[in-house]
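The sequence shown begins at 208 in our numbering and counts up by one.
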Amino acid sequence: SSSVHSSQFHWSQFVETVIAEPTVLGMASTDEETGLKSGEKSEDQDLDPDRDPELKKNGGRFDSKKAILQVTWRFPVDFKDPLNIIALIYGYLPFVIPLVFFIDMVVERRFIAFYGLAVSGVVTLINEVILKELLKQPRPYGSANRKFNEKTKKWEMKPGMPSGHVLNATTTMVWCLLEVSLRGPGFDDHPFMTGKLLLLILVCMAPVPWARVYNQDHSLAQCTVAGVLGVFAGLMAYWVRYHYFPLQAEKEWCVSKWCLVSGKPWDPFLPEGDALVAAASGVTTMVSTTLQAGFSSLATAAAGEKLKLEDVAAETVESEETSEGGDNQRKLRGPEFKRAEK
Numbered sequence: 208s209s210s211v212h213s214s215q216f217h218w219s220q221f222v223e224t225v226i227a228e229p230t231v232l233g234m235a236s237t238d239e240e241t242g243l244k245s246g247e248k249s250e251d252q253d254l255d256p257d258r259d260p261e262l263k264k265n266g267g268r269f270d271s272k273k274a275i276l277q278v279t280w281r282f283p284v285d286f287k288d289p290l291n292i293i294a295l296i297y298g299y300l301p302f303v304i305p306l307v308f309f310i311d312m313v314v315e316r317r318f319i320a321f322y323g324l325a326v327s328g329v330v331t332l333i334n335e336v337i338l339k340e341l342l343k344q345p346r347p348y349g350s351a352n353r354k355f356n357e358k359t360k361k362w363e364m365k366p367g368m369p370s371g372h373v374l375n376a377t378t379t380m381v382w383c384l385l386e387v388s389l390r391g392p393g394f395d396d397h398p399f400m401t402g403k404l405l406l407l408i409l410v411c412m413a414p415v416p417w418a419r420v421y422n423q424d425h426s427l428a429q430c431t432v433a434g435v436l437g438v439f440a441g442l443m444a445y446w447v448r449y450h451y452f453p454l455q456a457e458k459e460w461c462v463s464k465w466c467l468v469s470g471k472p473w474d475p476f477l478p479e480g481d482a483l484v485a486a487a488s489g490v491t492t493m494v495s496t497t498l499q500a501g502f503s504s505l506a507t508a509a510a511g512e513k514l515k516l517e518d519v520a521a522e523t524v525e526s527e528e529t530s531e532g533g534d535n536q537r538k539l540r541g542p543e544f545k546r547a548e549k
């Protein structure tokens, strides 16, 4: 009985040890990797940047990690991985597009650039001040976007729900696609320019969600929620612009002495951008004119032939009538003709 009691004691100790320390069965590394990939934060997880598992001093590949404008950089940068470079570039496009709007607004004084900048600013403000602070969902563990909490004296991940990059990029993309598709150069008059603008918008904005997930700055859920919100925000931006700020060519929007010119930004580029369309239109016009001239010549020739035929018919009838009259006269003056013949 003492041996049975002893064996039960040893088994209970073993079970308690396994539960308390999973490394006994080799499960610790698997759980940690799962936590790193999913971005879930456990209460006992140490988020001190100096103890980041991606650093060489902790068994990783990199010398250091740093968040620059909320984009995680891992040094030395792996230039042999093209996807890593592409993800870093797309991480900054949501900043580049508003900058382009600002430069265009200052240089060209276009209202549409000011409106795009305003849409981007409003969306960013709502997301950073309200949504992220309300939801407070941390970013994935692989991100370098961390902050030190003075109250708890611990490092913690910055909030990432929803992704500001994805929300801004999706809002701008949907709004621009609607502007070009519905109010832009036009698929009928300028198909090449319209197609190029739509392709440019998609190439610049569509890969941003992938880049944020690939770089571990946001989870898939955070990017998905931001994308859905961005679609609605883009639709709303187009609706407001269309109903309250029409793009009339000669209209100006003025505040004090500072005025912005309305109109569509692609109008100055249409003749140059659609040279092929203009050439095709010229060829079509030339062919149409030639065909019209040819049909007109054929119609004139046909009318002339008809008149000739009518004249010939009239002459034939007249000659027949004259011939019949002469025969009658010959019959009446037959003896005289006979004498004349003699």
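Every residue, glycine too, gets a C-beta built ideally from N, C-alpha and C. Please read all numbers here as calculations on a predicted model, not as lab measurements.
Proximal residues to residue i (C-beta, below 8 Å), its chain only, five neighbours per side dropped
i	result
residue 261	267, 268, 269, 272, 281, 349
residue 283	269, 270
residue 427	420
residue 254	248, 348, 353, 361, 362, 363, 364
residue 390	449, 454, 471
residue 335	371
residue 316	466, 467, 468
C-beta atoms of residue i and residue j nearer than 9 Å
i	j	result
residue 354	residue 363	yes
residue 467	residue 309	no
residue 424	residue 372	yes
residue 430	residue 438	no
residue 375	residue 278	no
residue 440	residue 297	no
residue 327	residue 401	no
residue 432	residue 370	yes
residue 415	residue 359	no
residue 259	residue 325	no
residue 293	residue 286	no
Boundaries of the alpha helix (DSSP H) in which residue i is found, first to last residue
i	result
residue 273	Not the alpha helix (DSSP H): residue 273 falls in the beta strand (DSSP E), residues 271-275.
residue 400	398-412
residue 371	371-390
residue 293	289-297
residue 447	427-451
residue 417	415-421
For residue i: DSSP bridge partner residues
i	result
residue 468	317, 459
residue 353	364
residue 342	In DSSP, residue 342 forms no bridge with anything.
residue 332	For residue 332, which the question treats as bridged, DSSP gives no partner whatsoever.
residue 262	269
Own chain, CB closer than 6 Å to residue i, minus 5 neighbours either side, in chain order
i	result
residue 452	none
residue 241	Residue placement at residue 241 cannot be trusted, given a pLDDT of 37 that sits under 50; what the coordinates show is reported in the next sentence. Hits under 6 Å: none found.
residue 318	460, 467, 469
residue 404	387
residue 214	Residue placement at residue 214 cannot be trusted, given a pLDDT of 44 that sits under 50; what the coordinates show is reported in the next sentence. Here the set comprises nothing.
Limits of the unbroken beta strand (DSSP E) element including residue i
i	result
residue 282	278-282
Cutoff 7 Å; reference residue i; Cβ partners in own chain excluding five residues on either side
i	result
residue 307	none
residue 313	none
Is the region 433-453 touching the region 381-389, taking contact as three or more C-beta pairs under 8 Å?
yes
Any contact between the region 390-402 and the region 328-339? By contact I mean 3 or more CB pairs, one from each, below 8 Å.
no
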